[in-house]
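Using UniProt numbering, the first residue of the sequence shown is number 1, and each one after it goes up by one. Notes to accompany the following structure.
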Amino acid sequence: ESEEESEYVLIDLDEIADFDLIPDNAPFVLSGLDTINPVLLIDNKIKLIGEYQETVGTCLVLSK
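This is the structure we're talking about:
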């Protein structure tokens with residue numbers, strides 16, 4: 001048996017000022033995760049081009 005390995009991506013959107021313009025249930029597409037500049041398209045209107053940064057320390061992710 002082979003073990004399945006999971007990899008998580010943390011998306012930091014703290015610098016986005018116009019979150020009020022994005023509905024809570026807006027559809028999104030995250031593409032290009034295997035490139036140096038992944039793309040997040042929100043509600044088919046807002047296109048964000050990102051970059052990877054290595055995490056220093058540990059990230060703790062909690063769900064509601």
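Beta carbons: idealized from backbone N, C-alpha and C, even for Gly.
Check: How about F28 and I16: do their beta carbons lie closer than 8 Å?
Finding: Between F28 and I16, the C-beta spacing is not below 8 Å.
Note to self: Looking at the secondary structure, which residues open and close the beta strand (DSSP E) in which K47 lies?
What the structure shows: DSSP places K47 in the uninterrupted beta strand (DSSP E) bounded by I46 to I49.
Check: Do C59 and L13 come within 8 Å of each other at the CB atom, strictly closer than that value?
Finding: For the pair L13 and C59, the CB atoms are not nearer than the 8 Å cut-off.
Next item on the list: Take G32 and list the residues in its own chain whose beta-carbon comes closer than 7 Å to its own, dropping the five residues that flank it on each side.
Entry: Excluding residues within five positions, the ones whose Cβ falls inside 7 Å are P38 and V39.
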